[in-house]
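**Q** Taking the numbering used here, I'd label the letters of the sequence shown as residues -1 to 325.
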Amino acid sequence: MAFATWPRELNRTAGAIPRDFRRNRRTGPGVARRYRRVDAMDLERVGFAGLGSMGEPMARNLARAGIPVFRWNRTPGKTDQVADVAELFARCDVVILMLKDADAVDAVLGRGRPEFAGRVAGRTIVHMGTTAPGHSRALEADLVAAGAKYVEAPVSGSRVPAEAGELVAMLAGDPGAVEEVRELFAPMCRETVYCGPVPNGLLMKLAVNVHLTAVVTSLAETVQFARAHGLDLGLFARVLGAGQLASPILRVKVPKLVEKDFAPQASIANVLANVELIAAAAREAGLDLPLIEASRALYAETARLGFGAEDMVAVVKALEARPHPED
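This is the structure:
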């Protein structure tokens, strides 16, 4: 699929500092310094729905950047600041959604129900979660018909880069709508890339995840191989990190595999949902992706074993549970 020409003004990275940006003090371990406009939009009216593993640190980074954010979560008790979702939309002109799936997005918006038009009219909806490209395309049509603006903005990264404000956002939608909210991404993202019309942002995210899934799944097999042969895993990590395969994802995931740390950054269940979206999009394009199909089977197997809430590197548990070839 050909991507639209990217307007030059929309392809700024979060690290670029225009003259009308100022330093914004933020504290905390691993938190990168960010900037925001002095002549910013009315930031009193920004809402954030979805305070899960990714959404909570993203909303916190917005607040640290001096942006008053009204937070709300579908599950009570996660520092939500408004009584219900209707109040969130009533108080906010821009509403950021970082929700689990398409059903959650539609439920929060009231899509398909009488309250939908009144809830979204006159507002800009920023969808930062990962849903099927077809869902996003239909959602944009419904929102525009109801008098709202829509920006698709899925992110690449897990909880660690979310906490550090180091996500990468892939923006899609009407260029004017994207430009209106572009500055909001700086506290959350290291870089933003304009990908053209909806659903090119989500297609870009899924394309990135084809590679990410293959890399982490392969890494789990690699560590299992090294452990089975009695190699010094500290030396193994050193050699891997010194070579051409070194990357930020390896620096995060290798220690987790070596130390058998399965605390979730991106969970098995979340990765499996993404792989299902990739497989569906591949079928629509008439593609055969054998690595993704193998990964989908392995992540599904890991989830069936009861490890769905653990980090994606827990696929190694499914590999370990399989009968030994000599058995």
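Don't be surprised by glycine CBs; every beta carbon is placed ideally from N, CA and C. In this text, all values refer to a predicted model and were calculated from it rather than measured experimentally.
Compute the Euclidean distance between the alpha carbons of I65 and G50, then round it to the nearest angstrom.
**A** Cα to Cα, the separation comes out at about 19 Å.
**Q** For G241, count the other beta carbons within 10 Å of its own beta carbon; 16 or more makes it buried, fewer makes it exposed. Which is it?
**A** By the neighbour-count rule (16 or more Cβ atoms within 10 Å), G241 is not buried but exposed.
**Q** K203 and D172: beta carbons closer than 8 Å?
**A** The answer is no: Cβ separation not under 8 Å.
**Q** Suppose the cutoff is 7 Å on Cβ atoms and the five residues either side in sequence are ignored; what does the same chain contact list for S293 look like?
**A** Only T211, A212, T215 and V273 meet the Cβ criterion.
**Q** Using the beta-carbon count (16 or more within 10 Å), is E308 buried or exposed?
**A** Answer is buried; the Cβ neighbour count reaches 16.
**Q** Could you name each continuous alpha helix (DSSP H) segment of 4 residues or more that falls completely within the stretch 293 to 320, going from the start of the chain to the end?
**A** With a minimum length of 4 residues, the continuous alpha helix (DSSP H) runs that stay inside the stretch 293 to 320 are 313 to 319.
**Q** Hey, quick one: how far does the beta strand (DSSP E) through K147 stretch, first residue to last?
**A** Start and end: K147 to E150.
**Q** Can you tell me which of G199, A162 and D82 puts its alpha carbon nearest to the alpha carbon of R117?
**A** R117 has its Cα closest to that of D82, out of G199, A162 and D82.
**Q** Please give the ranges of any beta strand (DSSP E) in the stretch 114 to 158, keeping only runs that are unbroken, at least 3 residues long and fully inside the region.
**A** Listed in chain order, the complete beta strand (DSSP E) runs (minimum 3 residues) inside the stretch 114 to 158 are 122 to 125 and 147 to 150.
**Q** Would DSSP call I65 helix, strand or coil?
**A** I65: coil per DSSP, three-state reduction.
**Q** Classify A316 as buried or exposed, calling it buried when 16 or more other Cβ atoms lie within 10 Å of its own Cβ.
**A** By the 10 Å Cβ count, A316 comes out buried.
**Q** Out of curiosity, what's the CA-to-CA distance linking E334 and L60?
**A** Nothing can be reported for residue 334, as the shown portion of the chain is limited to -1 through 325.
**Q** Going by DSSP in three states, N73 sits in which element: helix, strand or coil?
**A** Residue identity check: residue 73 is Thr in the sequence provided, not Asn. T73 falls in the coil class under three-state DSSP.
**Q** Among A184, T190 and R157, whose alpha-carbon lies nearest the alpha-carbon of V166?
**A** Answer by Cα proximity: T190.
**Q** Pick from G127, V256, T128 and H133: whose alpha carbon is nearest that of R109?
**A** Answer by Cα proximity: H133.
**Q** Can Q263 and R157 be called in contact, C-beta distance under 8 Å?
**A** Closer than 8 Å, so yes.
**Q** Does DSSP put M186 in a helix, in a strand, or in coil?
**A** Note: M186 maps to coil in three-state DSSP.
**Q** Put F234 into one of helix, strand or coil per three-state DSSP.
**A** Looking at F234 - three-state DSSP - the assignment turns out to be helix.
**Q** Kindly indicate which three-state DSSP category G194 falls into: helix, strand or coil?
**A** In the structure shown, G194 sits in coil (DSSP, three-state: anything other than H, G, I, E or B).
**Q** When you compare each of M168, V142, P159 and E318 to E54 by their alpha carbons, which one comes out closest?
**A** E54 has its Cα closest to that of P159, out of M168, V142, P159 and E318.
**Q** Between L201, L141, A218 and L270, which has its C-alpha nearest V252's C-alpha?
**A** Of L201, L141, A218 and L270, the residue nearest in Cα terms is A218.
**Q** Quick one: give me the first and last residue of the alpha helix (DSSP H) that A244 is part of.
**A** Here A244 belongs to no alpha helix (DSSP H), and DSSP marks it neither H nor E.
**Q** Between which two residues does the beta strand (DSSP E) carrying L165 extend?
**A** L165 to G171 is the span of the beta strand (DSSP E), which, as asked, contains L165.
**Q** Of all the options A57, V179, L169 and A102, which has the alpha carbon lying nearest to the alpha carbon of A162?
**A** Per the Cα distances, A57.
**Q** So P152 and T128 are supposed to be a Cβ contact under 8 Å. How far apart are they, rounded?
**A** P152 to T128, Cβ: 5 Å. Contact.
**Q** Please work out which residues of its chain come closer than 8 Å, Cβ to Cβ, to D140, disregarding the five sequence neighbours upstream and downstream, and give them in chain order.
**A** For D140, where only same-chain residues beyond five positions count, the Cβ hits under 8 Å are R109 and F114.
**Q** Counting C-beta neighbours from all protein chains within 10 Å, is the total for V285 16 or more, i.e. buried, or is it exposed?
**A** The sequence shown places Leu at residue 285, not Val. Counting Cβ neighbours within 10 Å, L285 comes out exposed, since fewer than 16 surround it.
**Q** Classify E138 as buried or exposed, calling it buried when 16 or more other Cβ atoms lie within 10 Å of its own Cβ.
**A** The residue is buried, with at least 16 neighbouring Cβ atoms inside 10 Å.
**Q** Just to confirm, is the Cβ distance from L95 to V106 under 8 Å?
**A** A contact, by the Cβ cut-off of 8 Å.
**Q** Looking at C-alpha atoms only, which residue of A130, F234 and I123 is the closest neighbour of G330?
**A** Examination of residue 330 is not possible in this model, given that the chain is present from -1 through 325 alone.
**Q** Does the Cβ of E164 have 16 or more other Cβ atoms within 10 Å, making it buried, or fewer, making it exposed?
**A** The residue in question, E164, is buried, as its Cβ has 16 or more Cβ neighbours within 10 Å.
**Q** Compare the C-alpha of R62 against each of F183, A224 and A280 and name the closest.
**A** Ranking the options by Cα distance to R62, first place goes to F183.
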